[in-house]
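Residue numbers (full-length UniProt numbering): 1 to 398.
All C-beta atoms in this analysis are idealised placements derived from N, C-alpha and C, irrespective of residue type, glycine included.
Since this is a predicted model, take the numbers as computed values, not measurements.
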């Protein structure tokens, strides 16, 4: 599958000269390399030590993420006796993360050889799948948080969301939206020669205009992080406020588990999206300015590191589930994770029932208070009030 250097160079020349439907989006010399001696490969690919360290990190991610996510999928599909909404969302999240982990060897070879040897098609497809995983993961976590919000604030409406058809439709929409938002990667990903090391080939994004670069990375950060994460934070703010007002202030296991997933995802993906904003800011600065050159250098030096950190997030969830379900390990053995997910489903059901019971009790108390006030008001009628006033002077006279 690997190409030698001469074959790779000739294939790139052929791709450059041959017309394609999207050839105008893939010029072989990126615009930002014309005036600056700066390349996406100048950092980790040109530094052998950094490339080896990145390859070692991805190797650990592969060894941890592939079996971990496959074990989650097996536990839910084979060992779980009931599947709640949270369990179905975790299943889809594990599928997205596990599939991404299977692609890790391509990137390990990329870093180890410090050159992209898999051709233009795989350059576009592999990074397209990585982007799809990013969108799908944050959308699934957002659905988990919104479901918890509805279950606690509006428990009577949970029944409409627990129908299997509704959940399947939502999941289909999530995956279609993730695939659609990732399509720019197919158009802008291309292969170029490194500036400092012309013998190395780099798979990276290049844009024919500044506007397209700004649109892609702004959309990626806005729809892939800021908006969904804002909804997640807002949901948990409302959940915590509601819990404080109820009698049952002890947070259940599913809420803790989802909250840990949310925080972990934010920690690993925030640096990546910060670099996206830095790249947008660099594109908006005037050409030749010192601030633009500094932003481009900072983005180039940090892009590989933040991308690797984001990659690690797909291998962390199995570890989180293991710690959350450690109380089941001795009793259930290999089925501990299935019991963990079943336990979260049962606790969620109890929480919903308690919320319904609390709301019914509050309604009864309100009705009793109103009926009591009505009885008091009826007992003190105008006739009774006059008779009481007449009797008062007689009693005082005696």
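- For residue 202, the enclosing beta strand (DSSP E) starts and ends at 201-205.
- At least 7 Å separates the beta-carbon of residue 58 from that of residue 128.
- About 5 Å separates the beta carbon of residue 136 from that of residue 96, a gap short enough to meet the 8 Å contact definition.
- Within 10 angstroms of the beta-carbon of residue 200 lie 16 or more other beta-carbons, which makes it buried.
- Looking only at 154, 61, 216, the smallest Cα-Cα distance to residue 273 is reached by 216.
- Here the alpha carbons of residue 213 and residue 66 stand approximately 33 Å from one another.
- Look at residue 192 here: in three-state DSSP terms it is strand.
- No Cβ-Cβ contact shorter than 7 Å links residue 197 with residue 276.
- Buried is the label assigned to residue 182, since at least 16 other Cβ atoms lie within 10 Å of its Cβ.
- Between residue 120 and residue 191, the gap from beta carbon to beta carbon is short of 7 Å.
- Secondary structure at residue 80: coil, using DSSP grouped into helix, strand and coil.
- Restricted to the region 126-170, the alpha helix (DSSP H) segments that are unbroken, complete and at least 4 residues in length are 158-161, listed in chain order.
- Take residue 269, set aside five residues on each side of it, and the residues of its chain with a beta-carbon closer than 7 Å to its own are 225, 310, 313, in chain order.
- Excluding residues up to 5 positions away in sequence, 116, 123, 191 lie with their Cβ nearer than 6 Å to the Cβ of residue 203 in the same chain.
- Proximity of the region 71-90 to the region 284-291 falls short of the contact definition, fewer than three beta-carbon pairs being nearer than 8 Å.
- Counted as a single uninterrupted DSSP element, the alpha helix (DSSP H) harbouring residue 295 occupies residues 290-312.
- Note on residue 56: under 16 other CB atoms within 10 angstroms of its CB, so exposed under the neighbour-count rule.
- By the Cβ test, the region 137-154 is in contact with the region 165-178, since at least three Cβ pairs between them sit closer than 8 Å.
- For residue 220, the enclosing alpha helix (DSSP H) has its first and last residue at 210-221.
- Closest by C-alpha distance to residue 99, out of 164, 320, 81, 72, is 72.
- Remark: C-beta atoms of residue 235 and residue 280 do not approach each other more closely than 7 Å.
- Here residue 295 has 278, 281, 282, 285 as same chain residues with Cβ atoms under 7 Å from its own Cβ, once five neighbours each way along the sequence are excluded.
- In the three-state scheme derived from DSSP, where H, G and I count as helix and E and B as strand, residue 316 is classed as coil.
- Taking the Cβ atoms as the reference, residue 153 lies roughly 6 Å from residue 238, within the contact range of under 8 Å.
- Shown here, residue 58 sits in a helix according to DSSP, grouped into three states.
- Here residue 76 is actually not in contact with residue 145; their C-beta atoms are around 20 Å apart, not less than 8 Å.
- By the CB criterion at 7 Å, residue 315 and residue 64 fall inside the cutoff.
- Residue 235: member of the alpha helix (DSSP H) spanning 227-245, first to last residue.
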